[in-house]
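Here is the structure we will look at.
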Amino acid sequence: MDTKTTEFSNPLLFRGNVDSQRHDDNDDSFEEHKPRQHNATTSSLPPPTLTLTTLVAVFGSYVFGTAIGYSSPTQSRIMIDLNLSVAQFSMFGSILTIGAMIGAIVSGTIADYVGRRLAMGFSQLFCILGWLAITFSKDVWWLYIGRLLVGCGIGLLSYVVPVYIAEITPKNLRGGFTTVHQLMICCGMSLTYLIGAYANWRILALIGIIPCLVQLLSLPFIPDSPRWLAKVGRLKESDSSLQRLRGKNADVYKEANEIRDYTEALQQQTEASIIGLFQMQYLKSLTVGVGLMILQQFGGINGIVFYANSIFISAGFSESIGTIAMVAVKIPMTTLGVFLMDKSGRRPLLLLSAVGTCLGCFLAALSFFLQDMHKWKEVSPVLALVGVLVYVGSYSLGIGAIPWVIMSEIFPINVKGSAGSLVTLINWLCSWIVSYTFNFLMTWSSTGTFFGFAVICGFTVLFVAKLVPETKGRTLEEIQASLNSNSTKR
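Everything in the sequence shown is counted per the UniProt record's numbering, starting at 1 for the first residue and increasing by one.
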C-alpha cells in the first residue's frame, strides 16, 4: 500500500497536517470552538436538539409505514367499492414499489443537490398529493396515480431519512438513533392496520396526510446535516449545525475536524456515477449494501406485510386476531432492536434476526403443508400464526432496520448519493417483485412459497457471517476509510 492509501484509510493520521494549513488560511470559524464541559461523542445522554431533530426526521419513516400498511386492511372494501379484480388490486398494492423505485433513482441526486432536509420536504409533497388522489378516487386509475405518487415520496424518504440521522448523530448513538427509522415504520404500519380495521378506506387515506404535514411544517426548525454542509463547502454552517446538534456546551472541535479533513480528502476524488461505483475501492461496500437489501426483500417481508390478512384467512385463522398479534409483536421487538443496536452490535443482531426469520418461514410452510395433507387440522392455523409472528418479530429485531443503518454508514460522502440511489432502487425493485408475485405464488403453493423464503433467510445467515463488517462504535469516516483500504489492498 502506498503512502496516499495509508493516509486515506485513517483520516486521524493526517488531520494535523490539514489543520495547520486550514487554520493558517481563511477559516476562523473554529476559534470559537474551545474545549468545553463535555465531549459530544462520548456523552451517554443525547442532546435535546439531536433528539428533537431525529423525531422530526422519523415522521418521514412513519409516513413510509402508513403507505406499506395501507393495502392490507383496505383490500376487501376497495375491491367491493370500486369493483376491482384480484389482478387490479395486486397492481394497486405493488405500484407503490414502482413509485418508490422512481423516487429511489433520484433520491441521492436530490439529497446531494438540495440537502437532506429539503429532500424530505419534497418527498412529503409527493405523499400529500398521492393520499389526496386515493381519498377522492372514483376509479382504479386514480388509485394507481395516488399510490404511485406516495411511492415516489417514500422512495426518497427511504434513502434520505436513515442517511440524515446517521450524519447528525455521534458514533455512540448512531445505531440506535438510525434504528428509530424502522421503529417508526412499524408504528405507522401498525396504527394503519388498527385504524383500518374500523375506518373507511378513504378516511384512512386522509389520515395519512397528517404526519406528512407535521414533518413538512417542522423541517424549517431543524439543522441540516453538518457532513452535507461540509461537502458543499459551507464550512461555517457545518460547524454551527454540529454545535447545535451536540449542545451549546459540547466540545465539537475534534469531530468537526474529522468531518472536514475526510471531506477534503474525498473532494480530491471525482463524484462517482452509478457506473463509476463498480471500482475495486467500492467493491466491498457495494457488495454488502446491495446484498443485504436483496436478501432482506427476497426473504418475503413485503408479501407477508401487504397481504397479512389473506395469509391468515388461507391458514384458517381469524384475520383480526392475526393482525392485532402482528402489531403486538412488531413494535416491542423493533424497540428492543433500538436499545440493543449500540450495545450488542450490528452483526450479532443480524445473525439472530436471520435465524429467526428462517425459523418463522419454516413453521409457516409446515403449517400449510399439514393443511394440504389434511393432518393436524386443529394445529395448523395456530402453527401458521406462530410462524408469521416469529418471522415478523425476528425481522423487526434486526434485518428490517440494520441494512438501512449499514447503508447509511459504509459509503463515502463523495459516492453516497449515487450509491444510496442504487442500493435503495434495488431494495424497492426486489420489494416490487415480491409484492406483485406473492398472491400468485400463494395460489401456486403456499407451502413452496414459505419454504423458498426460509431458504433465502438461511442464506442470509451465511452472507452476514462471511461479509458484513461490524460498524458499532466507529465514526463514519473510520468505517468508510477502513472499507476503502481493504478493497484497495485486494
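Glycine included, C-beta positions come from ideal geometry on N, C-alpha and C.
Measure the Cβ-Cβ separation of residue i and residue j and say whether it is below 9 Å.
i	j	result
residue 503	L389	Any property of residue 503 remains undetermined from this structure, which presents the chain solely from 1 to 490.
residue 491	M407	Residue 491 lies beyond the residue range present for the chain, which begins at 1 and ends at 490; the question has no answer from this structure.
I402	T179	yes
residue 527	M120	This structure leaves residue 527 out entirely; the chain is present only between 1 and 490.
A354	A384	no
Y262	E477	yes
D342	G176	yes
L157	G60	yes
V288	V468	yes
residue 542	V382	In the structure as shown, the chain begins at 1 and stops at 490. Residue 542 is therefore absent and cannot be evaluated.
V140	L82	yes
Y391	G322	no
N200	R77	yes
F89	M101	no
I294	E409	no
V106	L277	no
I456	F298	yes
G452	L462	no
Residue range of the alpha helix (DSSP H) that residue i falls in?
i	result
L277	Element bounds for L277: n/a, residue is neither H nor E.
G393	S380 to S394
N83	Segment: none, N83 is in no alpha helix (DSSP H) and carries neither H nor E.
A57	P48 to G69
M184	R174 to G196
P332	E319 to S344
F122	R116 to T135
L292	L283 to F298
M407	I402 to I410
W142	V140 to I168
R244	L235 to R246
N439	K416 to W444
I203	W201 to I207
R227	P226 to K231
When we look at the beta-carbon of residue i and count the other beta-carbons within 10 Å, is it buried (16 or more) or exposed?
i	result
E32	A caution first: E32 carries a pLDDT of 44, below 50, which makes its placement in the model unreliable, though a value can still be read off. Exposed, by the Cβ-count rule.
D24	Reliability of the predicted coordinates at D24 is poor, the pLDDT of 42 falling under 50, and the value obtained from them is presented with this limitation in mind. The residue in question, D24, is exposed, as its Cβ has fewer than 16 Cβ neighbours within 10 Å.
Q279	exposed
V379	exposed
I154	buried
P48	exposed
Y193	buried
V86	exposed
N249	exposed
G473	exposed
S435	buried
Y62	buried
G16	Because the pLDDT of G16 is 40, which lies under 50, any placement of that residue in the model is unreliable, and the question is left without a value.
F450	buried
A465	exposed
Q21	Because the pLDDT of Q21 is 40, which lies under 50, any placement of that residue in the model is unreliable, and the question is left without a value.
D27	In this prediction, D27 has a pLDDT of 46, which is less than 50 and means its spatial position is unreliable; what the coordinates show is noted afterwards. That one is exposed.
S318	exposed
residue 566	Because residue 566 is not part of the residues shown, which for the chain are 1 to 490, the question remains open.
I470	It is worth fixing the name first, because residue 470 is Glu in this sequence and not Ile. The residue is exposed, with fewer than 16 neighbouring Cβ atoms inside 10 Å.
I413	buried
I313	exposed
T42	With a pLDDT of 49 at T42, under the threshold of 50, the modelled position of that residue is not reliable, and no figure is offered here.
Quick one, which of the options has its alpha-carbon nearest residue i's?
i	options	result
S396	C186, S446, I313 and R346	C186
L242	A401, G196 and D224	D224
G93	M442, T475 and T437	T437
C212	G115, F122, L441 and A365	F122
I222	V382, A57 and Q124	A57
L191	V327, F312 and S320	V327
R244	G99, T51 and P381	T51
I203	A104, Y159 and T74	T74
F362	V288, G458, K254 and G400	G458
M333	T53, Y113 and G356	G356
T54	A111, A104 and Q182	Q182
T443	G393, S310 and L425	S310
residue 492	D112, S367 and L277	The structure shown does not extend to residue 492, since the chain spans only 1 to 490, so no value can be given for it.
G103	I433, F453 and V423	V423
C430	T475, A454 and N302	N302
I110	C152, G146, Y70 and L84	C152
Y159	M189, R117 and A197	R117
I324	Y198, W142, A481 and M184	Y198
So with Cβ pairs under 9 Å, would you call residue i a contact of chain C?
i	result
L219	No chain C is part of this structure, which consists of one protein chain only.
Spell out a yes or no on whether the region 281-293 and the region 200-210 are touching, meaning 3 or more CB-CB pairs, one atom from each, closer than 8 Å.
no
Counting pairs of Cβ atoms below 8 Å between the region 165-180 and the region 219-234, do you hit three or more?
yes
With contact counted as at least three CB pairs below 8 Å, one residue from each stretch, are the region 120-140 and the region 367-374 in contact?
no
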